[in-house]
Amino acid sequence: MRHGKIKRRLLGVAVVLLVVAAVYAGTTLLQGIGAEKEGLGDWAAKKETIILWYTDEALTDYLDNKALAFQEENDIRVETKLVSGLEYLERINAASLSGDEETPDVYVVSNDLLEKAYLAGLAVELADGELVSGQNGFNQAAVNAVTYNGRIVGCPLYFETSALLYNKTYLEQIAQAASETGQDGGEAADGEAADAAQPVTAAGLIPSSIVDILTFADSYSAPENVEYFFRWDVSDIFYNYFFIGNYISVGGAAGDDKALIDIYNRESIASLKVYQELNQFFSIDMEETNYDTILQEFQEGRTIYTIATSDCIRKLEEAAADGEFAYEYGIATLPAINGELDTKGMSVTNALAVNGYSEHKAAANRFLAYLAGEASADLYGMTGKISAVEQSSYEDAHVEAFMRSYEASVPIPKMIETSNFWIELEICFAKVWEGADANLQLRALSEKIRTQLAGEPVAEVALEDPQVELLPATEYEDSGELAE
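Counting along the sequence shown from 1, when you hit position 407 you're at 407 in this note's numbering, and nothing is skipped either side.
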């Protein structure tokens, strides 16, 4: 009997404890729900959380908006953190090794840093490599940009590249004036005589080559306000690279193969010699001009053609809204040099990388896939940056034109040993523009890069200077301005 009473008493105590526990749990849950509404609850804190780092303030509203939308759909919190771009990877590495609570699980990084990030364990192969493919809207330039040793180690988010920017209003005026005077289309881009009855059209004045621009300058009268037919920033390699981009390789298509270095060849020499020759037609002082001044001249209607990056779209839209830009404009792919020498522009792709030190890689990959999917459609509208994901349609034809240029571009290489290549190439271009021998400068550059990779001196076999056909004469004076 005594044992039976003890057993019943213990059972009674157990029931009471269960009731108390249930009441406490219910109260705690209610408190947690209330606290979550204030952003301070334990329940919210227990949700899986991933941290995203980025360096460009223009992305803030977009990333915050998409982080919230992703949380609502997936029950995974995303905290975004804007950090300085100075020593960016070093900061990520330090946070990862110290176990900092704000260590990023995923971060935005330019594709040229992906090898360094991967080798440091700060970037890992994507869980779903098929995410970055043509099937999901990525072109080959985007895929190449995030490929390292055959692995997809990042997901392209947005890109920057260059294209031909032209004043459409002026081309229409020139075409109309030519039609009124009975002037025909002159010579076709390939040098063959055009049909004498073929009328001049604005579309026909969109150049397919640099030679076309010189021919147009020589053949047609420019509108009164025009000072220059063609000007670009000759001091920045991003706007110069296309002249030899089709004939050099630093790391192959993905920019990661140390065995694929081809800088010094007859085609690259010929292209650089033509570039130098352009100085007599467009006497641009690299000490006094830069991209901002060149774009300002275009905005003021003083230039017909220039080389621009995609930021020009927003800048010109804002200028038009403020009454400071009174023209229509167009974007075209970069022109070839002539009928024999082609061009290829450079691109930089900013990608999302998953931190190898993250304890939430699966969640990070899910968020990454979300940004590359439905969320990509809002990127340009909210940031002014063009998504690396091909969209089914574009409201702005100028944006689509830059996507076409991106498709044809070569991604900036990611090899650590050649990280100084762009500075050295820019120096090479500057010297050649000022009159240095193109052959010798390219040879010296190639030897320097090959020596860095080999770890011992490498000497190139000297190539004979290729014969480059002179460009047609124009009405440009030595100043580079249009003749009176």
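Where is the CB? At the ideal position from N, CA and C, for every residue including glycine.
It should be emphasised that the depicted structure is a prediction, and the values quoted were computed from it without experimental measurement.
Residue 179 counts as exposed, since fewer than 16 other beta carbons sit within 10 angstroms of its beta carbon. Here the C-alpha atom of residue 418 lies approximately 44 Å from the C-alpha atom of residue 322.
In the displayed model, residue 90 falls within a helix according to three-state DSSP.
In this structure, DSSP gives residue 129 a helical state, which the three-state scheme calls helix. Residue burial is scored here from C-beta neighbours: residue 283 has fewer than 16 other C-beta atoms within 10 angstroms and is therefore classed as exposed. A straight line joining the alpha-carbon of residue 238 with that of residue 376 spans about 26 Å.
Residue 75 counts as exposed, since fewer than 16 other C-beta atoms from the protein chains shown sit within 10 angstroms of its C-beta. Of the residues 224, 444, 101, 93, the one whose Cα lies closest to the Cα of residue 265 is 444.
In the DSSP assignment, residue 214 falls within the alpha helix (DSSP H) that extends over 210–219.
Nearest to residue 303 by alpha-carbon distance, out of 230, 72, 318, 155, is 230. Residue 154 and residue 211 have their C-alpha atoms some 39 Å from each other.
By the criterion of at least three beta-carbon pairs nearer than 8 Å, the segment 160–171 is in contact with the segment 325–337. Contact between the segment 343–353 and the segment 109–123 is present: 3 or more CB-CB pairs across the two stretches fall below 8 Å.
Taking the Cα positions, residue 64 is about 26 Å away from residue 145. Nearest to residue 452 by C-alpha distance, out of 462, 415, 436, 431, is 415.
Every unbroken stretch of the beta strand (DSSP E) spanning 3 or more residues and falling wholly within the segment 336–386 is given here in chain order: 346–354. For residue 412, the closest of 176, 130, 242, 125 by C-alpha to C-alpha distance is 242. DSSP places residue 267 within a helical segment (H, G or I) once states are collapsed to three. Beta-carbon to beta-carbon, residue 80 and residue 409 are separated by about 29 Å, too far to satisfy the 8 Å threshold.
The alpha-carbon separation between residue 431 and residue 286 amounts to approximately 11 Å. Take residue 93, set aside five residues on each side of it, and the residues of its chain with a beta-carbon closer than 7 Å to its own are 120, 122, in chain order. Given a length threshold of 4 residues, each whole run of the alpha helix (DSSP H) inside the segment 114–173 is given here in chain order: 114–119, 140–145. Within the model, the alpha-carbon separation for residue 426 versus residue 407 is close to 24 Å. Taking each of 232, 392, 96 in turn and checking the Cα distance to residue 308, the smallest one comes out for 232. Excluding the 5 residues flanking it on each side, residue 152 has same chain C-beta neighbours closer than 7 Å at 125, 126, 129, 132, 146, in chain order.
When rounded, the separation of the alpha-carbon atoms in residue 95 and residue 142 is 29 Å. Shortest Cα-Cα distance from residue 69 to any of 370, 235, 429, 388 involves 370. The three-state reading of DSSP puts residue 250 in strand, counting E and B together. Per DSSP, residue 232 is not a residue of any beta strand (DSSP E), being assigned neither H nor E. About 6 Å separates the beta carbons of residue 248 and residue 262, which is inside the 8 Å limit, making them a contact pair.
Across the structure, residue 429 and residue 374 are spaced so that their CA atoms are roughly 42 Å apart.
Looking at the backbone, the Cα of residue 338 and that of residue 279 are separated by about 16 Å.
For residue 60, the three-state secondary structure derived from DSSP is helix. Annotated three-state conformation of residue 81 is strand, per DSSP. For residue 262, the three-state secondary structure derived from DSSP is strand.
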